[in-house]
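Residue numbers (the UniProt record's numbering): 1 to 288.
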């Protein structure tokens with residue numbers, strides 16, 4: 001998939017990382033806004049390899065939610081902090097910088113699948129320079145312990161700022177298509193479209209165009225799963241805040257949902273024939 005970061009993106013990421021290392025000691029990382037806390041793709045790949053072996057006994061499928069519950073939250077419990085705040089040896093300062101690539105994804109999708117799709121998309125194996133590509137992914141940049149209304153609003157604000165900071169974005173759709181039923185995934189996708197970010201799709205290999213089309217057609221924002229809180233009440237409170245923001249910016253749920261559907265369908269159709277033979281087979285009229 002994709003050719004990785006552009007020269008402009010690479011130079012931006014290099015400057016951001018150099019400035020961070022020059023200006024900030026590891027102890028300064030907690031003062032950085034979450035929107036500035038991208039981690040390198042190489043860090044994400046090694047993190048995935050490590051937790052798969054250490055926490056999931058090398059099993060093939062474990063979700064991002066499981067990673068948060070079994071790895072991220074226990075590691076940060078004592079300080080009730082973000083994962084990026086842990087510092088050495090877990091998160092070296094040189095691995096943190098302003099994001100170039102924003103990741104929109106669902107916690108219910110397989111974590112290793114997300115990482116594998118990113119590696120392919122960014123030509124990880126053949127372009128070592130992309131190991132240093134700064135990406136923004138919520139599990140590291142957001143505090144996973146605090147879920148009050150004020151913290152939820154802060155998370156929303158930091159997420160939107162991270163979207164603005166990034167040069168481009170990917171929307172990951174795992175094999176279970178849960179991204180279309182997850183309120184945070186829909187919120188980030190909507191904001192990516194609102195801010196006219198360059199979006200590319202990360203689609204699991206089993207997904208056909210018909211699957212994708214049907215899933216987008218059935219997007220129903222009020223019926224999406226709740227937020228990331230520790231209990232049902234916190235999740236519903238967060239969900240209502242996200243819905244209210246979408247409703248306000250999108251001038252109603254239906255118009256917002258239509259914007260998401262059209263944006264994702266247009267993005268996917270533009271990629272058919274370039275990198276997704278399985279989807280091309282479902283759209284013969286789009287083949288060259």
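Glycine included, each C-beta is placed from N, C-alpha and C at the ideal position.
Counting C-beta neighbours from all protein chains within 10 Å, is the total for residue i 16 or more, i.e. buried, or is it exposed?
i	result
residue 217	exposed
residue 232	exposed
residue 206	exposed
residue 169	buried
residue 244	exposed
residue 59	exposed
residue 138	buried
residue 57	exposed
residue 80	exposed
residue 129	exposed
residue 144	buried
residue 185	buried
residue 191	buried
residue 69	exposed
residue 182	buried
residue 195	exposed
How far does the beta strand (DSSP E) with residue i in it extend, from its first residue to its last?
i	result
residue 102	101-104
residue 107	Looking at the DSSP string, residue 107 is not in any beta strand (DSSP E), and its letter there is neither H nor E.
residue 172	168-173
Looking at residue i: is its Cβ nearer than 8 Å to the Cβ of residue j?
i	j	result
residue 96	residue 136	no
residue 84	residue 48	no
residue 158	residue 142	yes
residue 40	residue 105	no
residue 162	residue 270	no
Is residue i helix, strand or coil by DSSP?
i	result
residue 96	strand
residue 230	coil
residue 200	strand
residue 268	helix
residue 235	helix
residue 21	For residue 21, the predicted structure reports a pLDDT of 42, less than 50, and the residue's modelled location is therefore unreliable. The matter cannot be settled from this model.
residue 135	strand
residue 144	coil
residue 260	helix
Considering residue i, what are the terminal residues of the alpha helix (DSSP H) in which it resides?
i	result
residue 141	138-141
residue 183	183-194
residue 251	First-last for residue 251: undefined, no H or E at that position.
residue 179	It is not in any alpha helix (DSSP H) - residue 179 carries neither H nor E in the DSSP assignment.
residue 163	149-165
residue 223	From DSSP, residue 223 is part of no alpha helix (DSSP H); its letter is neither H nor E.
Report the start-end ranges of each beta strand (DSSP E) in the region 32-94 that is 3 residues or longer and not cut off at the edges.
38-40
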